[in-house]
């Protein structure tokens, strides 16, 4: 179980961005974090990943726990080693590396070459299109292919938890549905825990089991996906 307990985040020592955020992500489930731009969703993911310091931010109150351990004081590489990986908004591929070289880069914590090869084949099983494009430089892939690649690259780290930040952004609806179906498949087959940040609430709630809604740095609503789908405010 991944949990945030009354977490506050401050940037530049003065800007309060998260204001007492508490939420839980069930092991083996898909949880979605909803809200408008600027609500604090991405900051929440970065707090979990340990990436705030690089942006002059810090957790100043509360705690973030994974399993039985507190992780909000750990550096990012230690958090990855514990099994938490983040897929950033904006499809950040290594443009001058091939598709397969990008996948290998995702296995940097894995020293066993045989397991790296097995990991690549596992990714190709979920994303057959990447196999077809394995020798193509990532900068020449389509937006949908790049999104598949960054998810596949994260999977190469053999994570327990995947943090997905706006995977639908800028993609055609059919591609989005395909990618979300694959995320759901990964969740079921790998028992992969997913925390999904999305502005498209209707879409996110089709695959999530539980959801939280953020506004101005606070969680203002939570519930099962079914209950949130019926909520009039969410429908708007």
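Residue numbers (the numbering used here): 25 to 260. Even glycine gets a Cβ: it sits at the ideal position worked out from N, Cα and C.
Can you tell me the Cβ-Cβ gap for residue 119 and residue 81, rounded? I've got them flagged as a contact below 8 Å. Along the chain shown, read from residue 1 onward, the residue named residue 119 stands at position 95. Along the chain shown, read from residue 1 onward, the residue named residue 81 stands at position 57. At roughly 27 Å, the Cβ-Cβ gap does not stay under 8 Å, so residue 119 and residue 81 are not in contact.
With a 10 Å radius around its C-beta and 16 neighbouring C-beta atoms as the bar for buried, classify residue 157 as buried or exposed. The residue given as residue 157 occupies position 133 in the chain shown. Buried is the call here.
CB contact flag (residue 71, residue 223, <9 Å): Taking the first residue of the chain shown as position 1, residue 71 is located at position 47. Taking the first residue of the chain shown as position 1, residue 223 is located at position 199. The answer is no: Cβ separation not under 9 Å.
Let me know the secondary structure DSSP gives residue 30 once reduced to three states. Working through the chain shown from its first residue, we reach residue 30 at position 6. Looking at residue 30 - three-state DSSP - the assignment turns out to be strand.
First through last residue of the beta strand (DSSP E) which encompasses residue 110: Position 86 of the chain shown holds residue 110. Its beta strand (DSSP E) spans residues 108 to 111.
Okay, do the segment 197 to 216 and the segment 226 to 246 touch, 3+ Cβ pairs below 8 Å being the bar? yes
Based on Cα-Cα distance, which residue from 68, 91, 93 and 92 lies nearest to residue 83? Within the chain shown, residue 83 is the residue found at index 59, counting from 1. Closest option to residue 83, Cα to Cα, is 68.
Is the CB-CB distance between residue 247 and residue 255 below 9 Å? Numbered from its first residue, the chain shown carries residue 247 at position 223. Numbered from its first residue, the chain shown carries residue 255 at position 231. Against a cut-off of 9 Å, the Cβ pair of residue 255 and residue 247 comes out as a contact.
Determine the closest residue to residue 166 out of 143, 153 and 178, with distance taken between C-alpha atoms. In the chain shown, counting from the first residue as 1, residue 166 sits at position 142. For residue 166, the nearest C-alpha among the options comes from 153.
In chain order, which beta strand (DSSP E) runs of at least 3 residues are fully inside the segment 173 to 213? 185 to 189
Is the distance from the Cβ of residue 39 to the Cβ of residue 73 below 9 Å? By one-based count along the chain shown, residue 39 stands at place 15. By one-based count along the chain shown, residue 73 stands at place 49. No.
Starting from residue 242, trace the beta strand (DSSP E) in both directions and tell me its first and last residue. Your numbering for residue 242 matches position 218 in the chain shown. Taken as a continuous stretch (DSSP letters only), the beta strand (DSSP E) holding residue 242 covers 242 to 248.
Please classify residue 189 as buried or exposed, where buried requires at least 16 neighbouring CB atoms within 10 angstroms. Numbered from 1 along the chain shown, position 165 holds the residue referred to as residue 189. Looking at its Cβ environment, which holds 16 or more other Cβ atoms inside 10 Å, residue 189 is buried.
With DSSP as the reference, please indicate the residues paired to residue 81 in a beta bridge. For this step, residue 81 is matched to residue 57 along the chain shown. Its beta-bridge partners are 35.
Distance check for residue 193 and residue 58, CA to CA, integer angstroms please. One-based indexing of the chain shown puts residue 58 at position 34. One-based indexing of the chain shown puts residue 193 at position 169. Cα to Cα, residue 58 sits roughly 14 Å from residue 193.
Distance, Cα to Cα, residue 198 vs residue 37? Taking the first residue of the chain shown as position 1, residue 198 is located at position 174. Taking the first residue of the chain shown as position 1, residue 37 is located at position 13. So the alpha carbons of these two residues sit roughly 43 Å apart.
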